[in-house]
Amino acid sequence: MKPAAFEYHSPATAEEAVNLLAELGDEAKAIAGGQSLVPMLALRLAVFDHLVDLGRVTELRGIEVRGDTVWIGAGTTHAAVGRSEEVRRAVPLLSRATPHIGHFQIRNRGTIGGSIAHADAAAEYPAVALTLDAQLEALSPRGRRTIAAADFFTGMWSTALEPDELLTGIVFPVWHGRSGFAVEEFARRSGDFALAGATVAVRIDADSCVERCGIGLFGLAPTTERAAAAEAELIGRRVSEISADEVGHAATAGLTSVPSDMHGSGDYRKRIGAQMVARAWRRAVDEAGND
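For reference, each letter of the sequence shown is one residue, going 22 to 312 in this note's numbering.
Put into structure tokens, the structure is as follows:
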């Protein structure tokens, strides 16, 4: 199939883009890499009278280390994130999640902002942003604001962005000290969306107790989830006294709406999710302990 007819707009600046979105209203949609939107348009699962292409907006691209944070422009491609030595050193969880995204053709076109704003429950980057307490920068005709990742994902394919707002950048905190990071996911084939996945970040203190941790879950609910209750139970405990399987079960215990489809039942996904958390926890703790 082919998309329904639409009018094409190619702004040169982010300000011009948000003004277009405000002027055109609900009939307009911003498009970055187009790896999610174009298939939806082609199948006519989505129809818009206007597409606002962000490809010429250079201010949306780039990677900058800013003290204890790393800023990544929303228009930066997955491939650029994956190649970045700055990201590999400062935000290793993001670097390790990148190869799991689709295939190299998708990573060459898709953007980090597009992935996060699309808010697919089975996508890796939203889970990383949530796990690491990222801050999301948005622009509208009313000005700029920053949204915590914890407040950004509001439901299936929905976010806290207003219709005339544009995601312009993502700020990731740098975890110092004895920290470890891991991503685990289960998919039917390489490049497919995950049936269940987990992102884990952990920092341990000089006594080998958990000082800080984040556990993200994807593919297990209508939106990306964070296992906040399980994290709270782990803080202050010695890692040698924590069973990885215990962490996996605790992280998935609160999930109440795990989807069922042709690929597996909700119970199956939940069991797999617990295993993904356990595997990621083991790897992250091993890395933190070796620092």
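Quick reminder that beta carbons are idealized off the backbone N, C-alpha and C, glycines included.
- The Cβ-Cβ distance between residue 67 and residue 143 does not fall below 9 Å.
- Here the alpha carbons of residue 207 and residue 217 stand approximately 6 Å from one another.
- By the Cβ neighbour-count rule, residue 64 is exposed, with fewer than 16 other Cβ atoms within 10 Å of its own.
- Going by DSSP, residue 239 is part of the beta strand (DSSP E) stretching over 231-239.
- Here residue 273 is not near residue 287, since their CB atoms are 9 Å or more apart.
- In the DSSP assignment, residue 159 forms a beta bridge with 166 and 188.
- A contact between stretches requires three or more CB pairs, one per stretch, nearer than 8 Å, and the region 179-189 meets this requirement with the region 155-163.
- Contact between the region 185-200 and the region 110-117 is present, with at least three C-beta pairs closer than 8 Å.
- If you draw a 10 Å sphere on the C-beta of residue 283, you find fewer than 16 other C-beta atoms in it, and that means exposed.
- Taken in chain order, the whole alpha helix (DSSP H) runs of length 4 or more contained in the region 253-281 are 265-273.
- In this structure, the straight-line span from the alpha carbon of residue 222 to that of residue 70 is close to 42 Å.
- About 6 Å separates the beta carbon of residue 238 from that of residue 219, a gap short enough to meet the 8 Å contact definition.
- Pairing residue 120 with residue 103 gives a Cβ-Cβ distance under 9 Å.
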